[in-house]
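Engineer: Under UniProt numbering, the first residue of the sequence shown carries the number 1, and numbering increases by one thereafter.
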Amino acid sequence: MSQNEIISFEPATGEELWRGKVGDVDAAVDRARRAWPAWAAKPLANRMELCRRFANEVRAASDRFAELIAKETGKPLWEARTEVEAVINKVEISINAYAERTGQKKLDGALAGSAALRHKPHGVMVVLGPYNFPAHLPNGHIVPALIAGNVVIFKPSEKTPAVGELLMECFTKAGMSAAVAQFFVGGPEEGKALVAHRDIDGVLFTGSAQAGIAINKRLATNPGKIVALEMGGNNPIVVTDTPLINDAAILIARSAFTTAGQRCTAARRLIVVESMYDAIVEEVKRLSDRLIVGEPFAEPAPFMGCLIDNDAADQLVESFLYFLSNGGKAIKHMTRPDDNLPFLSPAIIDTTKIKDRPDVELFGPLLQVIKVKDLDAGIAEANNTRFGLSASLIGGTPQDYNRFWANIRAGIVNWNQPTNGASSKAPFGGLGLSGNHRPAAFYAADYCAYPVASSEMDQPRATVGVGFRDG
Ligand SMILES: NC(=O)c1ccc[n+]([C@@H]2O[C@H](COP(=O)([O-])OP(=O)(O)OC[C@H]3O[C@@H](n4cnc5c(N)ncnc54)[C@H](O)[C@@H]3O)[C@@H](O)[C@H]2O)c1
Ligand SMILES: O=CCC[C@H](NC(=O)CCC(=O)O)C(=O)O
Numbered sequence: 001m002s003q004n005e006i007i008s009f010e011p012a013t014g015e016e017l018w019r020g021k022v023g024d025v026d027a028a029v030d031r032a033r034r035a036w037p038a039w040a041a042k043p044l045a046n047r048m049e050l051c052r053r054f055a056n057e058v059r060a061a062s063d064r065f066a067e068l069i070a071k072e073t074g075k076p077l078w079e080a081r082t083e084v085e086a087v088i089n090k091v092e093i094s095i096n097a098y099a100e101r102t103g104q105k106k107l108d109g110a111l112a113g114s115a116a117l118r119h120k121p122h123g124v125m126v127v128l129g130p131y132n133f134p135a136h137l138p139n140g141h142i143v144p145a146l147i148a149g150n151v152v153i154f155k156p157s158e159k160t161p162a163v164g165e166l167l168m169e170c171f172t173k174a175g176m177s178a179a180v181a182q183f184f185v186g187g188p189e190e191g192k193a194l195v196a197h198r199d200i201d202g203v204l205f206t207g208s209a210q211a212g213i214a215i216n217k218r219l220a221t222n223p224g225k226i227v228a229l230e231m232g233g234n235n236p237i238v239v240t241d242t243p244l245i246n247d248a249a250i251l252i253a254r255s256a257f258t259t260a261g262q263r264c265t266a267a268r269r270l271i272v273v274e275s276m277y278d279a280i281v282e283e284v285k286r287l288s289d290r291l292i293v294g295e296p297f298a299e300p301a302p303f304m305g306c307l308i309d310n311d312a313a314d315q316l317v318e319s320f321l322y323f324l325s326n327g328g329k330a331i332k333h334m335t336r337p338d339d340n341l342p343f344l345s346p347a348i349i350d351t352t353k354i355k356d357r358p359d360v361e362l363f364g365p366l367l368q369v370i371k372v373k374d375l376d377a378g379i380a381e382a383n384n385t386r387f388g389l390s391a392s393l394i395g396g397t398p399q400d401y402n403r404f405w406a407n408i409r410a411g412i413v414n415w416n417q418p419t420n421g422a423s424s425k426a427p428f429g430g431l432g433l434s435g436n437h438r439p440a441a442f443y444a445a446d447y448c449a450y451p452v453a454s455s456e457m458d459q460p461r462a463t464v465g466v467g468f469r470d471g
């Protein structure tokens with residue numbers, strides 16, 4: 001790959017899919033900055049209408065869109081279709097969110113004249129996207145930002161530029177200028193340069209904790225720039241008493257292995273009370289043995305596809321071997337049928353005996369199992385992480401769930417539901433290394449506009465008060 005070019009490959013076949021020239025950061029920011037005033041001055045209804053047209057363009061291209069997502073990420077076609085649906089649905093959800101979370105209102109109780117709360121856009125927003133949901137997650141920043149009156153420079157992951165390009169094409173086809181919704185090709189270096197550019201007003205990031213922290217540090221001396229960080233997780237799924245072993249196992253397998261474990265909300269740690277351990281572990285293994293791993297367009301449809309590339313697969317195999325050689329007990333071995341392709345079988349390993357388990361996000365189909373004495377020990381173990389994105393409790397009573405809910409540190413806390421599959425109609429974000437208290441999804445509206453409080457009279461009428469001499 002030349003440094004001036006980004007090339008993406010189909011992970012399931014290794015074939016080249018797309019190539020494009022790396023963008024010019026200064027030119028992109030300058031173009032965006034010049035486009036901003038006119039876009040911000042457009043009536044809100046026009047901006048919303050253009051976003052609705054964007055949704056129609058995505059709908060019209062939905063088959064091609066889903067096929068491209070499946071090809072470029074390696075996820076199954078059925079799942080890629082759900083990503084396209086999420087992109088379309090994001091528009092109406094964001095329109096509602098803008099009205100509910102921001103928008104404008106008159107305030108009661110003004111002493112004279114009237115008082116109002118309104119919101120203004122920040123300006124030029126840089127959106128940096130991840131590869132696992134190359135359309136849905138960046139779109140979750142882009143649409144709210146545009147509705148609020150910002151212009152956007154979107155740099156997709158260097159691993160999924162083709163999907164990023166198609167997404168942005170849908171905005172231009174909808175009638176939005178390519179300077180308002182701008183597609184930018186680049187890798188981490190260009191990401192860094194965009195973040196550091198003095199003429200941007202904010203960075204809306206979804207990706208790894210490592211990159212998010214680097215962005216946070218880079219902008220630490222610019223408190224005026226908005227930084228929204230959606231990062232990873234080391235998410236726990238805690239199992240306490242339940243007679244529904246098969247249902248519990250289905251929820252666990254879905255949490256851990258959907259999208260081949262490449263979801264920020266995937267369960268990484270299965271924490272089980274000792275009375276349930278044997279039954280749950282046996283059933284999760286039995287189910288996982290039945291999961292079909294296959295290429296995106298295979299028939300019958302696979303449950304999960306491959307990882308994004310061979311490096312990611314190598315790293316995950318290494319992590320499995322690390323656990324194995326440090327006291328872990330394999331429940332289901334990780335296998336890789338072809339060393340030249342990133343397909344991995346789901347793997348399960350008991351790491352209870354490992355003293356200092358690395359608190360990192362292992363982004364793939366690898367589930368650790370940890371045995372605990374009781375629910376309180378389970379909650380303590382669940383919180384034994386620097387991350388805090390999602391957490392689920394399986395089984396137990398309403399009182400158990402209340403205790404779990406009150407004590408767990410995570411932005412998404414579920415009961416008898418998977419850790420993943422979060423709703424776009426709710427806020428989405430996490431604590432600690434998972435985010436910076438700027439939740440996305442429904443609350444993305446909050447970081448796309450800032451509130452302005454105004455006290456207003458149509459004439460400059462005023463009377464002198466205390467402390468003036470007669471005159
Ligand atoms: N919380 C969430 O909403 C969420 C959602 C999806 C993925 N993720 C996380 O994303 C990770 C996987 O995605 P990824 O590998 O594409 O993430 P990544 O952090 O490697 O890259 C994300 C984006 O940031 C850019 N980038 C990388 N380093 C940068 C830097 N120092 N400065 C500026 N830009 C930089 C990349 O080019 C890419 O566009 C996982 O950790 C996963 O948990 C989080
Ligand atoms: O990989 C990270 C996202 C996972 C996904 N979350 C969402 O889709 C949040 C909703 C939104 O952003 O609209 C999940 O929980 O599976």
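All C-beta atoms, glycine included, are put in the ideal place defined by N, C-alpha and C.
Because the structure is a prediction, the values reported are computed rather than measured.
Going by DSSP, what residue range makes up the alpha helix (DSSP H) through Glu318?
Structural biologist: Asn310 to Ser325
Engineer: Exposed or buried, Gly305, counting other C-beta atoms within 10 Å across all chains shown (16 or more means buried)?
Structural biologist: Buried, by the Cβ-count rule.
Engineer: Sorted by chain position, which residues of the same chain lie with C-beta nearer than 8 Å to Gln417's C-beta, five sequence neighbours on each side aside?
Structural biologist: So the qualifying residues of the chain are Leu251 and Ser392.
Engineer: For Cys170, tell me which candidate among Val203, Ile88, Lys120 and Lys217 has the shortest Cα-Cα distance.
Structural biologist: The residue with the shortest Cα to Cα distance from Cys170 is Ile88.
Engineer: Taking Thr265 as the reference, which of Val413, Asp339, Glu456 and Val272 has the closest Cα?
Structural biologist: The shortest Cα separation from Thr265 among Val413, Asp339, Glu456 and Val272 belongs to Val413.
Engineer: Taking all protein chains shown into account, decide if Ile147 is buried (16 or more other Cβ within 10 angstroms of its Cβ) or exposed.
Structural biologist: buried
Engineer: Starting from Lys71, trace the alpha helix (DSSP H) both ways and give me its first and last residue.
Structural biologist: For Lys71, the enclosing alpha helix (DSSP H) stretches over residues Ser62 to Thr73.
Engineer: With a floor of 3 residues, list each beta strand (DSSP E) that falls wholly inside the region 9-97, ordered by position along the chain.
Structural biologist: 16-21
Engineer: When we look at the beta-carbon of Trp39 and count the other beta-carbons within 10 Å, is it buried (16 or more) or exposed?
Structural biologist: buried
Engineer: Helix, strand or coil for Arg469, going by three-state DSSP, please let me know.
Structural biologist: coil
Engineer: CB-CB under 6 Å to Glu456, same chain, minus the five flanking residues each way: which ones, in chain order?
Structural biologist: Gly113 and Ser114
Engineer: Tell me where the alpha helix (DSSP H) around Glu282 begins and ends.
Structural biologist: Tyr277 to Arg290
Engineer: Would the beta-carbon of Asp199 fall within 7 Å of that of Arg33?
Structural biologist: yes
Engineer: Jot down the residue ranges of each uninterrupted alpha helix (DSSP H) in the region 145-207, minimum 4 residues, whole runs only, in chain order.
Structural biologist: 161-173 and 188-196
Engineer: For a test of the three-state rule: what should DSSP assign to His141, helix, strand or coil?
Structural biologist: helix
Engineer: For Tyr450, report the span of its beta strand (DSSP E) as first-last.
Structural biologist: Taken as a continuous stretch (DSSP letters only), the beta strand (DSSP E) holding Tyr450 covers Ala449 to Glu456.
Engineer: Would you say the beta carbon of Asn234 comes nearer than 6 Å to a heavy atom of ligand 2?
Structural biologist: no
Engineer: Leaving out the 5 sequence neighbours to the left and right, which residues in its chain are closer than 6 Å to Ala145 when beta-carbon positions are compared?
Structural biologist: Met125, Val152 and Cys448
Engineer: I'd like to know if the region 166-183 and the region 57-66 are in contact, where contact means that at least 3 CB-CB pairs between them fall below 8 Å.
Structural biologist: yes
Engineer: Rounded to the nearest angstrom, how far is the Cβ of Asn383 from that of Ile408, given a contact under 8 Å?
Structural biologist: 6 Å
Engineer: Quick one: measure Cβ to Cβ for Asp350 and Gly328, integer angstroms, because I've assumed they're closer than 8 Å.
Structural biologist: Confirmed, about 6 Å.
Engineer: Does ligand 1 have a heavy atom nearer than 6 Å to the CB of Phe154?
Structural biologist: no
Engineer: Mapping the DSSP letters down to three states, classify Pro398 as helix, strand or coil.
Structural biologist: helix
Engineer: Identify, in the order they occur along the chain, each residue of the same chain with its Cβ nearer than 6 Å to the Cβ of Ser94, setting aside the five sequence neighbours on each side.
Structural biologist: Val143, Pro144 and Ile147
Engineer: What would DSSP say about Ile354, mapped onto helix, strand or coil?
Structural biologist: coil
Engineer: If you reduce the DSSP assignment to three classes, tell me which class Glu230 lands in.
Structural biologist: Per DSSP, reduced to three states, the secondary structure at Glu230 is strand.
Engineer: Tell me the residue span of the alpha helix (DSSP H) that contains Leu375.
Structural biologist: Leu375 to Ala382
Engineer: Nearest-angstrom Cα distance between Leu375 and Thr397?
Structural biologist: 11 Å
Engineer: Using the three-state DSSP reduction, which class does Ser390 fall into: helix, strand or coil?
Structural biologist: strand
Engineer: Would you call Arg469 buried or exposed, if buried means 16 or more other Cβ atoms sit within 10 Å of its Cβ?
Structural biologist: exposed
Engineer: In terms of alpha-carbon separation, which member of Gly207, Thr82 and Ser325 lies closest to Lys355?
Structural biologist: Ser325
Engineer: Looking at C-alpha atoms only, which residue of Arg461, Glu158, Leu270 and Glu381 is the closest neighbour of Glu10?
Structural biologist: Sorting Arg461, Glu158, Leu270 and Glu381 by C-alpha distance to the C-alpha of Glu10 places Glu158 at the top.
Engineer: Starting from the Cα of Glu83, find the closest Cα among Glu100, Ala99, Ser62 and Glu92 and give me that residue.
Structural biologist: Out of Glu100, Ala99, Ser62 and Glu92, Ser62 has the C-alpha closest to the C-alpha of Glu83.
Engineer: Given this structure, state the Cα-to-Cα distance separating Arg101 from Lys373, to the nearest angstrom.
Structural biologist: 43 Å
Engineer: For the candidate residues Glu283, Phe404, Ser434 and Pro156, whose alpha-carbon lies nearest to that of Thr385?
Structural biologist: Ser434
Engineer: With a cut-off of 8 Å on the beta carbons, I'd call Asn139 and Lys90 a contact; round off their distance for me.
Structural biologist: 6 Å
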